[in-house]
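Asker: Sharing a structure with you now.
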Amino acid sequence: MKFIDEYRQGDLALMLAEQIERLTDQPLKLMEVCGGHTHTIFKYGIEDLLPRNIEMIHGPGCPVCVIPLGRVDDAISIAQQPDVIFTTFGDAMRVPGSKTSLLDAKASGADVRMVYSPLDALKIARQNPDKNVVFLGLGFETTAPSSAMTILKAAKDKVENFSVFCNHITIIPALKAMLDSPDLKLDGFVGPGHVSTVIGTSCYEFVPRDYGKPLVVTGFEPLDVLQSVFMIIKQIVEGRAEIENQYTRVVTREGNKLALEVLFEVFEPRDYFEWRGLGSIAHSGMRLRSKYADFDAELKFRVPGLRIADPKACQCGEILKGVKKPWECKVFGTACTPETPIGSCMVSSEGACAAYYNFGRLSKIAERSSAN
Amino acid sequence: MSKLFSPTPLFERVERARRKKHKFRDTQITLAHGSGGRAMHELVEGLFLEYLRNPLLEELEDQAVFEIAATATGVVGSGNNGHAQIRMAFTTDSYVVDPIFFPGGDIGKLAVNGTVNDLAMSGARPLYLSAGFILEEGFPIADLRQILESMRDAAGEAGVAVVTGDTKVVQKGSADKVFINTSGIGVIESPVHVSSSGAQIGDKVILSGTVGDHGTTIMIARGELELETDIESDTAPLNGLVQAMVDEAGKALAFDAIHCLRDPTRGGVATTLNEIASSSEVCIELDEDLIPVREEAKGACEILGLDPLYVANEGKLIAIVAPEIAERLVKRMKENRYGRDTCLIGEVKSEPRGIVALRTGFGGTRIVDMLVGEQLPRIC
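From first to last, the protein sequence lines are chains A and B. For the first sequence, counting from 1, position 152 maps to 543 in the numbering used here; every step adds exactly one. For the second sequence, counting from 1, position 36 maps to 1318 in the numbering used here; every step adds exactly one.
Below you can see the structure in the form of structure tokens.
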């Protein structure tokens, strides 16, 4: 496939891996923030190619993984109300709330439909004027602009039976919270790719400036990730800590101005938003501005809005921060599996635990665990 | 490679938990129970088998194979020593595909080919089919006519006859347009013995062509994606291809060299190979670069974040065969119109048991696990 195969060449990967090995033998921990990177790392077996002194920590950038139990319960409660068609991206269907998932709610009779875009949800709303169509807004600045655009379109066309249950989150406050965490020991970041197409690279400048860590904005193909690892380690070896952009084919320093304007027009930051495993983080969530209150499902429907603590056995928080490895969690692979996830890191294929479980059980990672 | 695959304490712990028989605890049917992945296995083993258990069903193959004895006074059930034994295969399958018409075929063609293939995968020559129709009130006769034409043509090509049937009509909304069930019976005339538990260490894995064509076609035909491609369903009868393989094995005096035969339908190549790895207690090692995927299927899967290895096929087979005969079979299969792109995609190793491992084209390794439920598109 043109424009894809070029980024998946095994021979180039081997060359890059050798260059990385030649740079240093000092042990280094790098975090990839994005769930998409975690998926790439496991799908292509990149950890097999990296020298043993380089350890990848899988960060909190999987929006499906960090949605707290209480919010999933709220979504299910909306879906179960009469005359509601509840629409969502596919992988949010299986996320467990405190008791059930949207998939279970669907089986029990709720009208839950998978869509590929919020615009599809708006289309369903137009086709079903006697129903209330709700879209589960989920994700970072990557998916938030499409929710915002859809709300603008609904407002313009006066599609009054459409609303969004907004769980959009922003990456920068979460990154700051992680960096402020005293138990975090990281040497550098594989920076978000798709988020950065929207927010640009300049907003990461606090990472090297205030925390002295390099961050390289990275694409999602396997060669992108390897090249980025090379760039981060090169910075460390040369004593630099800077923002670099590996993903220049789509990411600019300023980001996508149009998308940012739309985000600002429709959303405002919440005072606090809860992240599964990480707890409450100030200004990390988005909600609809009062101007668009008619399209806010949280106002339109009565939701329980309960805060539900993560299960005790679950160590998602430590895993998201990279303090613990998935297999160091007592329930990993035994009580907590992709079929019966306890923690949300096991739900989405981009979650660190599910990725280890599905793709990585065999490889070097496991070898390391036995060595540790 | 072997270094990477050394079992470790972590791996052992997880594998132990995986092998433990789970008690079936689900309280209602969800779509995951029908998706061919682990949820469906648990439903079949934890519920259906619980109530309907018998030695033939326990095999959990796509068809039951049994022997009947022909006597002067007629045909009696198995166990009658001293009489000529006939080996038979019997199978059933229901078809609920949406849309009912799609590029490359329709629900009727699928219903005939699917059951023909389930019979063929035991090495049987398919003989007779039944067809049961559940029709929704209001369904156009013109559409039914078109479906029946396809069934007639497909049966003709496969050399089978639909000899019995049933029709039910349900109220509008109680079914979606048309559902078809077909059962089939066939006779196994050669001394081949294939089974999902037959894979042996050192065996080669043969795949009869590109993967993911049918599933991708259906996803695109549903029109939700607004993609336009030339891709078509691969639905086809594979009994001719299997016959060619059996002939070739016979010529080599090695009927017993064909160990497993499966058509990787729902759940795709990944699910089928997982079932074989688990039943045979072996590791199946695949080479990603050797698995043929059409550009269009690759592209559609790329957009959706799906893996073609898990996407359904309706005209492909996987054979696990002794290494001595592998090349010879591939050559013969390539001569068949439904096996032109046949190739070797991997081999059977001893450890770690029950696992399908993939050498990625990028130079790494990963496990190809059984799907939990439906493959869902990823958010970003």
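Ideal Cβ positions, reconstructed from N, Cα and C, are used throughout, including at glycine. What you are looking at is a predicted structure, and each value in this text was computed from that prediction instead of being measured.
Do A/Glu-645 and the ligand HEM come close, with the Cβ less than 8 Å from some heavy atom?
Answerer: Here there are no bound small molecules, and the ligand HEM is not part of this structure.
Asker: Against chain A, with Cβ distances strictly below 9 Å, would B/Ser-1284 count as a contact?
Answerer: Numbered from 1 along the second sequence, position 2 holds the residue referred to as residue 1284 of chain B. Reliability fails at B/Ser-1284, whose pLDDT of 36 lies under 50, so the model's placement of it is uncertain and no value is given.
Asker: On the three-state DSSP scale, how would you describe A/His-674?
Answerer: By one-based count along the first sequence, residue 674 of chain A stands at place 283. Three-state result, A/His-674: coil.
Asker: Between A/Glu-397, A/Leu-419 and A/Ile-395, which has its C-alpha nearest A/Phe-621's C-alpha?
Answerer: Here residue 621 of chain A corresponds to residue number 230 of the first sequence, with the count starting at 1. The candidate whose alpha carbon is nearest that of A/Phe-621 is A/Leu-419.
Asker: Using the beta-carbon of each residue, which ones in chain A are nearer than 7 Å to B/Thr-1642?
Answerer: The residue you call residue 1642 of chain B lines up with position 360 of the second sequence. Here the neighbours are Tyr-435 and Gly-436.
Asker: Less than 9 Å between CB atoms is the rule here; does B/Gly-1316 satisfy it with respect to chain A?
Answerer: To locate residue 1316 of chain B, count along the second sequence from 1; it is residue 34. Not an interface residue.
Asker: B/Glu-1332 by DSSP, collapsed to three states: which one?
Answerer: Stepping through the second sequence from its first residue, residue 1332 of chain B is reached at position 50. Helix at B/Glu-1332.
Asker: Taking only beta-carbon positions, decide if B/Thr-1554 is within less than 9 Å of chain A.
Answerer: Sequence index remark: in the second sequence, residue 1554 of chain B carries index 272 (1-based). By this cut-off, B/Thr-1554 is not an interface position.
Asker: Should B/Pro-1519 go down as buried or exposed, given a rule of 16 or more other Cβ atoms within 10 Å for buried?
Answerer: Position 237 of the second sequence, counted from the start, is the residue given in the question as residue 1519 of chain B. The residue is buried, with at least 16 neighbouring Cβ atoms inside 10 Å.
Asker: Return the CA-CA distance between A/Leu-614 and B/Pro-1381, expressed in angstroms with no decimal places.
Answerer: To locate residue 614 of chain A, count along the first sequence from 1; it is residue 223. To locate residue 1381 of chain B, count along the second sequence from 1; it is residue 99. So the alpha carbons of these two residues sit roughly 39 Å apart.
Asker: Residues in the same chain with beta-carbon distance under 8 Å from A/Ser-761, minus the five sequence neighbours each way, listed in chain order, please.
Answerer: Counted from its first residue, the first sequence places residue 761 of chain A at position 370. Here A/Ser-761 scores only 46 on pLDDT, less than 50, and its place in the model should not be relied on; the value that follows carries that caveat. Nothing listed; no residue qualifies.
Asker: Any Cβ of chain A within less than 9 Å of the Cβ of B/Asp-1380?
Answerer: Position 98 of the second sequence holds residue 1380 of chain B. No, B/Asp-1380 lies away from the interface with chain A (no Cβ there is under 9 Å from its Cβ).
Asker: For a cutoff of 9 Å on Cβ pairs, would you count B/Ile-1502 as touching chain A?
Answerer: Taking the second sequence and counting its residues from 1, the one referred to as residue 1502 of chain B is at position 220. No, its Cβ sits nowhere closer than 9 Å to a Cβ of chain A.
Asker: Are the beta-carbon atoms of A/Phe-664 and A/Ser-675 separated by less than 9 Å?
Answerer: Counting from 1 along the first sequence, the entry for residue 664 of chain A is found at position 273. Counting from 1 along the first sequence, the entry for residue 675 of chain A is found at position 284. Yes; because the gap between Cβ atoms is below 9 Å, this pair is in contact.
Asker: Which residues does DSSP pair with A/Asn-348 in a beta bridge?
Answerer: Absent from the model: residue 348 of chain A. The displayed extent of chain A is 392 to 763, so no value can be given.
Asker: How close, in whole Å, do the beta carbons of A/Thr-609 and A/Val-581 come, if the pair is a contact with beta carbons under 8 Å?
Answerer: Within the first sequence, the letter at position 218 stands for residue 609 of chain A. Within the first sequence, the letter at position 190 stands for residue 581 of chain A. Their Cβ separation, rounded to whole angstroms, is 5 Å, which keeps A/Thr-609 and A/Val-581 in contact under 8 Å.
Asker: Comparing C-alpha positions only, which one of A/Leu-649, A/Gly-450 and A/Ser-489 sits nearest to A/Pro-583?
Answerer: Position 192 of the first sequence holds residue 583 of chain A. With distances taken between Cα atoms, A/Pro-583 lies closest to A/Gly-450.
Asker: Give the residues of chain A in contact with B/Gly-1581, contact being defined as C-beta atoms less than 8 Å apart.
Answerer: Sequence index remark: in the second sequence, residue 1581 of chain B carries index 299 (1-based). Correct list: Met-392.
Asker: If you draw a straight line from the C-alpha of B/Ile-1500 to the C-alpha of A/Asn-444, how long is it?
Answerer: As a working mapping, residue 1500 of chain B is identified with position 218 in the second sequence. As a working mapping, residue 444 of chain A is identified with position 53 in the first sequence. Near 46 Å, if we compare the C-alpha coordinates of A/Asn-444 and B/Ile-1500.
Asker: Of all the residues that make up the region 1522–1548 of chain B, which are near chain A by a beta-carbon distance shorter than 7 Å?
Answerer: Cβ contacts with chain A come from no residue of the region 1522–1548 of chain B.
Asker: Is the distance from the Cβ of B/Ala-1526 to the Cβ of B/Asn-1618 below 9 Å?
Answerer: Here the question's residue 1526 of chain B lines up with position 244 in the second sequence. Here the question's residue 1618 of chain B lines up with position 336 in the second sequence. For B/Ala-1526 and B/Asn-1618, yes; Cβs fall inside 9 Å.
Asker: Compute the Euclidean distance between the alpha carbons of A/Lys-703 and A/Ile-733, then round it to the nearest angstrom.
Answerer: Within the first sequence, residue 703 of chain A is the residue found at index 312, counting from 1. Within the first sequence, residue 733 of chain A is the residue found at index 342, counting from 1. Going from the Cα of A/Lys-703 to the Cα of A/Ile-733 covers about 10 Å.
Asker: Kindly list the residues whose CB is nearer than 6 Å to the CB of A/Gly-742, restricted to its own chain and excluding five residues on each side of it in sequence; keep chain order.
Answerer: Taking the first sequence and counting its residues from 1, the one referred to as residue 742 of chain A is at position 351. Counting only Cβ-Cβ distances below 6 Å, and skipping sequence neighbours, we find Cys-453, Cys-456 and Cys-736.
Asker: May I ask you to list, following chain order, the residues of the region 603–620 of chain A that have a beta carbon less than 7 Å from some beta carbon of chain B?
Answerer: So the list reads Pro-613, given in the order they occur along the chain.
Asker: Using a C-beta to C-beta distance shorter than 7 Å, which residues of chain B count as neighbours of A/Asn-749?
Answerer: As a first step, residue 749 of chain A is located in the first sequence; it is residue number 358 there, counting from the start. Within 7 Å Cβ-Cβ: Ile-1649 and Asp-1651.
Asker: Please classify B/Met-1615 as buried or exposed, where buried requires at least 16 other C-beta atoms within 10 Å of its C-beta.
Answerer: The residue labelled residue 1615 of chain B in the question sits at position 333 within the second sequence. B/Met-1615 is buried by the Cβ-count criterion.
Asker: Where does A/Glu-596 fall in DSSP's three states?
Answerer: For the purposes of this step, residue 596 of chain A is identified with residue 205 of the first sequence, where counting begins at 1. Coil at A/Glu-596, not helix or strand.
Asker: What residue range does the beta strand (DSSP E) around B/Cys-1625 cover?
Answerer: Counting from one through the second sequence, the residue named residue 1625 of chain B turns up at place 343. Element bounds for B/Cys-1625: 1625–1631.
Asker: Which of the three DSSP states is assigned to B/Phe-1537 in this structure?
Answerer: As a working note, residue 1537 of chain B is residue 255 in the second sequence. Three-state DSSP puts B/Phe-1537 in a helix.
Asker: Quick one: is A/Thr-429 near chain B, going by C-beta distance under 9 Å?
Answerer: Within the first sequence, numbered from 1, the residue matching residue 429 of chain A stands at position 38. It does not; no Cβ of chain B falls within 9 Å.
Asker: Taking buried to mean at least 16 other C-beta atoms within 10 Å of its own C-beta, is B/Lys-1533 buried or exposed?
Answerer: Mapped onto the second sequence, residue 1533 of chain B falls at position 251. Exposed, because fewer than 16 other Cβ atoms sit within 10 Å of the Cβ of B/Lys-1533.
Asker: Could you run through the region 516–548 of chain A and flag, in chain order, every residue whose CB is less than 9 Å away from some CB of chain B?
Answerer: Listed by position, the residues of the region 516–548 of chain A near chain B (Cβ gap below 9 Å) are Leu-529, Gly-530, Phe-531, Thr-533 and Thr-534.
Asker: So, does the CB of B/Ile-1488 fall closer than 9 Å to a CB anywhere in chain A?
Answerer: On the second sequence, position 206 is the one that residue 1488 of chain B refers to. Not closer than 9 Å to any Cβ of chain A, the Cβ of B/Ile-1488 fails to qualify, so no.
Asker: Of all Cβ atoms in chain B, is any one closer than 9 Å to the Cβ of A/Lys-715?
Answerer: Here the question's residue 715 of chain A lines up with position 324 in the first sequence. So, not an interface residue.
Asker: Excluding the 5 residues flanking A/Pro-459 on each side, which residues of the same chain have their C-beta closer than 6 Å to its C-beta?
Answerer: Here residue 459 of chain A is taken as the residue at index 68 of the first sequence, counted from 1. Closer than 6 Å at Cβ, skipping near neighbours: Glu-665 and Arg-667.
Asker: On the premise that B/Thr-1642 lies in contact with B/Ala-1579, defined as a C-beta separation below 8 Å, what is that separation, rounded to the nearest angstrom?
Answerer: Locating residue 1579 of chain B in the second sequence gives position 297, where the first residue counts as 1. Locating residue 1642 of chain B in the second sequence gives position 360, where the first residue counts as 1. The pair is not a contact, with the Cβ atoms about 18 Å apart (cut-off 8 Å).
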